[in-house]
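>
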Amino acid sequence: MKGVSVLIALPQKEIEEHRATLDRDCPRDLIDGYLMMMEEKAEDPDNTFSEKDLAILILDLFLAGSESSTITLTWMFYYLATYPEVQQKMQAEIDEVLPKGTLATLEDKLRMPYTEAVIHEILRKSSLAATGVQHVATRDTQLGGYFIPKGTIVMGAQETVHHDPRYWDRPDEFLPERWLDQQGKFTAKKEGFLPFGV
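Per this note's numbering, the sequence shown starts with residue 24, numbered consecutively.
#1: On the three-pair Cβ rule with 8 Å, is the region 177-190 touching the region 210-218?
#2: Return the CA-CA distance between M22 and S89, expressed in angstroms with no decimal places.
#3: Kindly give me the distance between the Cβ atoms of Y101 and P199, rounded to whole angstroms, as I take these residues to be in contact under 8 Å.
#4: In whole angstroms, what is the alpha-carbon distance linking N70 and K64?
#5: State buried or exposed for S73, treating a residue as buried only when at least 16 other CB atoms are found within 10 Å of its CB.
#6: Where does H41 land, buried or exposed, given buried means 16+ other C-beta within 10 angstroms?
#7: Going along the chain, which residues of its own chain have a beta-carbon closer than 6 Å to the beta-carbon of D204, five neighbours each way excluded?
#8: Could you compute how far the alpha carbon of Q110 sits from the alpha carbon of E116?
#9: Under a three-way DSSP split, which group does F209 fall into?
#10: In the DSSP assignment, find the unbroken alpha helix (DSSP H) run with Y106 in it and report its ends.
#11: Run through the DSSP bridge pairs and tell me what V159 is partnered with.
#12: Run through the DSSP bridge pairs and tell me what L133 is partnered with.
#13: So what's L84 in DSSP terms, helix, strand or just coil?
#14: Between which two residues does the alpha helix (DSSP H) carrying L53 extend?
#15: Around the C-beta of Y169, are 16 or more other C-beta atoms found within 10 angstroms, so that it is buried, or is it exposed?
#16: Can you tell me the Cβ-Cβ gap for E144 and F197, rounded? I've got them flagged as a contact below 8 Å.
#17: With 16 other CB atoms within 10 Å as the buried threshold, where does S92 fall?
#18: Would you mind sorting P34 into buried or exposed? The rule is 16 or more other CB atoms within 10 Å of its CB.
#19: Determine the extent of the alpha helix (DSSP H) in which T183 is found, giving its start and end residues.
#20: Does DSSP classify Y169 as helix, strand or coil?
#21: How long is the line joining the alpha carbons of L126 and H185, rounded to whole angstroms?
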């Protein structure tokens, strides 16, 4: 548990800096809002706000946001370098949709089905969350013919599902086209696609 204590200590400097410069009339961000709520609820016996929980919240946001983005980009670079024909096709689509020097918007996403297909195939092949978040059975239950007693820790097996031939033709191959329909439009109808968990 020493590792957890070390991790929780990491955002402490940021929390202290926010506390020292807090302007209640102009909160800057989540940390300011949380600190204000901690003060407001200080006398409430049902209060669940604590500095330790704030530190954990900051870590959750940082790790979930930055780590998953970094890992996804790393896999993207790998697959685009390994499959230069995919890279060229994706680049051609981006060049066609976006004038030089233009940043993409969410509306542009609809006009780039191949790029969307590449992203989904990278998420499928890389299985960022191989087992996802743990869950606990809150009662005795049956699932897929198996008895799961109350209190059992249950984890999804996203990587297994992402390579299961019941859901994917040629599951071990990198095929962005699997995400496109006959007209070349992106389709997200894939059962067995669980990139961020069950």
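Think of the CB as a built atom: it goes at the ideal place given N, C-alpha and C, for glycine as much as any other residue.
Taking the structure as given:
#1: yes
#2: Residue 22 cannot be examined here, being either before or after the span of the chain that is shown, 24 to 221.
#3: No, Y101 and P199 are not in contact; Cβ-Cβ is about 14 Å, not under 8 Å.
#4: If I take the Cα positions, the gap works out to 6 Å.
#5: exposed
#6: buried
#7: Within the same chain, T210 come within 6 Å of D204 by CB-CB distance, once the 5 residues on both sides are set aside.
#8: 10 Å
#9: Strand at F209.
#10: For Y106, no alpha helix (DSSP H) run applies, since DSSP gives it neither H nor E.
#11: Bridge partners of V159: I176.
#12: Paired residues: none, contrary to the question.
#13: helix
#14: L53 to E63
#15: exposed
#16: Yes, they are in contact, since the Cβ atoms of E144 and F197 sit about 6 Å apart, within 8 Å.
#17: exposed
#18: buried
#19: Q181 to H185
#20: strand
#21: Cα to Cα, the separation comes out at about 32 Å.
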